[in-house]
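> The structure is given below, and queries will be raised subsequently.
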Amino acid sequence: MNLTVYTDGASRGNPGKSGAGIFIIDEDNKKTISLKQYLGILTNNEAEYKALIIALEYLVELTNTNERFNINFLSDSQLLVNQINGVYSVKSPNILPLYNKAKKIIANLNAVYSFKHILRTLNFKADKLANSAIDYNVEKLDIDEQTSSC
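Residue numbers for the sequence shown follow UniProt numbering, beginning at 1 and rising by one.
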């Protein structure tokens with residue numbers, strides 16, 4: 001199964017109130033999964049990593065089957081994508097533990113995966129979810145799964 005995973009972390013104030021938004025879609029556009037959560041006071045980069053970690057933790061459970069998964073992660077955070085891909089080193093002491101946690105979860109994913117940077121305008125669904133998490137103070141992870149019969 002092929003999945004596309006859009007992740008976004010939003011921070012109002014940098015540091016400020018932050019939220020995570022994740023939008024997952026399958027290859028046939030038949031199933032979508034939206035996740036959002038309020039993260040507290042974080043920097044934008046910390047929120048981006050937290051959003052990725054939430055997505056990864058969800059996907060570890062989802063991919064815990066005999067089925068073969070190919071996952072394309074898309075983020076508008078060039079820093080996150082380049083750090084995960086090993087292009088940039090992680091220098092921030094606040095980001096390093098988040099980076100290490102993400103890499104550890106990635107190593108346990110039952111999937112072939114890639115991480116790509118996209119323009120912010122193409123990440124609007126994840127961005128909307130992240131901002132909604134802030135607006136409505138969604139403290140517990142909110143998961144919405146939709147299946148289309150089309």
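Cβ coordinates follow ideal geometry from the N, Cα and C atoms, glycine included. Predicted, not measured: the structure shown is a model, and the values here were computed from it.
Between which two residues does the alpha helix (DSSP H) containing F73 stretch?
Unbroken run through F73 is the beta strand (DSSP E), N70 to S75; no alpha helix (DSSP H).
> Going by DSSP, which residues form a beta bridge with E27?
Beta-bridge pairing links E27 to no other residue.
> Under 8 Å Cβ to Cβ from Q78, same chain only, skipping five residues before and after it: list those, please.
Once the five neighbours on either side are set aside, the close Cβ partners of Q78 are H117.
> Can you check whether the CB of I54 is closer than 9 Å to the CB of S18?
No, these two residues do not count as a Cβ contact at 9 Å.
> What are the residues that DSSP puts in a beta bridge with S18?
Bridge partners of S18: S11 and G40.
> Does the beta-carbon of D144 have 16 or more other beta-carbons within 10 angstroms, so that it is buried, or is it exposed?
Answer is exposed; the Cβ neighbour count stays below 16.
> Indicate the three-state DSSP secondary structure (helix, strand or coil) for V112 in the structure shown.
Strand at V112.
> At 3 residues or longer, and completely inside the region 74–146: list those beta strand (DSSP E) runs for me, N to C.
Those beta strand (DSSP E) runs which fall completely within the region 74–146 and span 3+ residues are 112–117.
> Could you say which of Q146, E139 and T147 lies nearest to K36 if we only look at CA atoms?
Out of Q146, E139 and T147, E139 has the C-alpha closest to the C-alpha of K36.
> Buried or exposed for N123, going by 16 or more other Cβ atoms inside 10 Å?
Buried, because 16 or more other Cβ atoms sit within 10 Å of the Cβ of N123.
> Nearest by alpha-carbon distance to N94: which of A130, A47 and A133 is it?
Of A130, A47 and A133, the residue nearest in Cα terms is A47.
> Going by beta carbon distance, what residues of the same chain come within less than 6 Å of S114, once the five residues before and after it are set aside?
So the list reads N72, once near-sequence residues are dropped.
> Of the choices N14, A51 and F69, whose alpha-carbon is the least far from that of A130?
Measuring from the Cα of A130, the nearest candidate turns out to be A51.
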